[in-house]
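One structure below.
In the numbering used here, the protein residues as written are 40 to 104.
Listed below in structure tokens is the structure:
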């Protein structure tokens with residue numbers, strides 16, 4: 040499980056975009072977005088850099104938390 044801080048994530052559209060981007064590179068990934076803490080937890084076979092880049096491709100800065 041990898042956790043990211045995503046400070047600009049603020050609504051359901053944000054979470055949907057992040058989930059879609061991650062699942063586009065790993066269809067079996069499990070993604071949990073928490074708007075209250077602005078964190079994303081990902082269970083994936085991919086490494087942290089690949090997941091972070093997927094979140095950036097969705098338009099959000101992400102740092103490992």
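All C-beta atoms in this analysis are idealised placements derived from N, C-alpha and C, irrespective of residue type, glycine included.
Looking at the DSSP output, residue 78 shares a beta bridge with 44 and 73.
Within the DSSP bridge table, the entry for residue 102 names 44 as partners. Under the three-state reduction of DSSP, residue 88 is assigned to helix. Contact between the stretch 59 to 67 and the stretch 88 to 96 is present, with at least three C-beta pairs closer than 8 Å. Here residue 85 is not near residue 54, since their CB atoms are 8 Å or more apart.
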